[in-house]
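The next block holds one structure in the form of structure tokens; read it before the comments.
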Amino acid sequence: MEKISPKEFTSKILNGAAMGIVVGLIPNAIFGEIFKALSSYNEFFAMMQQNVATISFTVPVLVGMFTALQFKFSGVEAASLMGATFIGGGSAKFVDGAWELHGTGDLINIMIIAAVSVTAIRWYNNRVANLGIVIIPIVGAMIPGLIGMLTLPYVGYVTTGLGALIENFTTLQPLMMTILIAISFALIIVTPLSSVAIAYAISLSGLASGAANVGIVATLFTLAYGSSKVNKKGTTFALFFAGPKMLMPNFLGNPIMILPIFINSIVTGIAGYIFKIQGTTASAGFGLTGLAGPINAYSFMTGSPIINIGILLIQYLVVPLGIAIVTHTVFTKMGLYKDEIFTFAGENK
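Listed below in structure tokens is the structure:
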């Protein structure tokens, strides 16, 4: 196999993870809340809700598949990598004598095990061709999968530790709390960390939950506006369903993106405090995905429905988009970064 640099290797792992997340989560992001609302009227919609939710369970496998495509693996190599990421993700757990599926797994661990599996498969490099179908699943799936099972609890401490830090913010003065939580989730949503897992770990609710949502929306519009400059309309449109993690490789490869996201999240956080945007633990960490953020915020509002809808439009559209336009325009003219840093790796897909 051809030699690749550590930077290129990391980029391929990140791009594989981003594509796996996009494909695995878009169906549920688009239809999940709709089918949930309609499920009480007809069992068919309940079945469809289960359908799209089940697709999200395939994220670890899809990350493995897209990573395999990045490295141009053969069928056996790809299947082995997919097996490793599925095991390492931790979404399948053996509980009371039965296997259970729990969410999409730990994305950080999935990516670590993907890197381990890819390294092992590339090291083997089909040394004994006739035994490849026997050796590759062992070297590329079983052993990395075992490593993933061992590292999963420790990798989980990253989420737990960050959650504990954010939990401290909830004890601060409301305005400061809102701003800090908005900033935290604005940055978390574009990393391998799970915003939903952190929200559940510390039981975010009320104003804190609203702050988490508006922070994510700040990142979404910052990335979407940048994407609109270099990507096709479909790619930018997909961001509103797949979420900011779709451009995770771009963010991790270009830390300068922190600057516009940071500013946007501060402004949207302040707006969230002014408008008293609230939410629940279940809605925290989703932002605009499935409209979970604005729908739950509306349920906490009182007074005129028209005014409330107007507030939501300002909070979830006008403010984050307006600040995104201003920051992007200013920073590109200053030469701090170029439009190209928002180019999606899977733009031709």
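Residue 210 in the UniProt record's numbering sits at position 210 of the sequence shown; the count goes up by one each step and never skips.
We put the beta carbon where it would ideally sit given N, CA and C, even for glycine.
Item	Value
From 281, 305 and 240, residue whose alpha carbon lies closest to that of residue 317	240
CB contact flag (residue 81, residue 104, <8 Å)	no
Below-8 Å beta-carbon distance, residue 286 vs any chain D residue	Among the chains in the structure shown there is no chain D, since it carries only a single protein chain.
With 16 other Cβ atoms within 10 Å as the buried cut-off, status of residue 128	exposed
Whole-Å CB distance - residue 320 paired with residue 264, under 8 Å assumed	6 Å
Alpha-carbon spacing of residue 184 relative to residue 73, whole angstroms	37 Å
Length at least 4, wholly inside the region 267-323: the alpha helix (DSSP H) runs in chain order	292-299 and 305-313
Proximity test, residue 283 beta-carbon vs the ligand MG heavy atom, cut-off 7 Å	You won't find the ligand MG in this model; it holds no ligand whatsoever.
In chain order, each alpha helix (DSSP H) run of at least 4 residues that lies wholly inside the region 77-135	107-124
Span separating the alpha-carbon of residue 138 from that of residue 117	10 Å
Per-residue DSSP class, three states only, for residue 190	coil
Buried or exposed by the 16-neighbour rule on C-beta atoms within 10 Å, applied to residue 310	exposed
Contact belief for residue 70 with residue 125 at Cβ below 8 Å, rounded distance in angstroms	Their Cβ separation, rounded to whole angstroms, is 17 Å, which puts residue 70 and residue 125 out of contact at 8 Å.
Any 3 or more C-beta pairs closer than 8 Å across the region 274-283 and the region 199-219	yes
Status (buried if at least 16 other CB within 10 Å, exposed otherwise) for residue 299	exposed
Residue 268 and residue 218 closer than 8 Å at C-beta	yes
Chain-order list of residues whose beta-carbon lies under 6 Å from that of residue 31 (same chain, five-residue window excluded)	52
Cβ-Cβ separation, residue 144 to residue 120 (assumed contact under 8 Å), whole Å	6 Å
Strand pairing of residue 145, partner residues [DSSP]	Paired residues: none, contrary to the question.
Sequence-distant residues of its chain with Cβ nearer than 8 Å to residue 336 (five each side left out)	256 and 259
Residues near residue 132 by beta carbon distance below 7 Å, same chain, minus five either side	76 and 126
contact_flag[the region 52-63, the region 19-27] where n(CB pairs < 8 Å) is 3 or more	yes
Local Cβ density within 10 Å of residue 154, reported as buried at 16 or more and exposed below that	exposed
Distance CB(residue 213)-CB(residue 163) smaller than 8 Å	no
Where residue 345 falls: helix, strand or coil (DSSP)	coil
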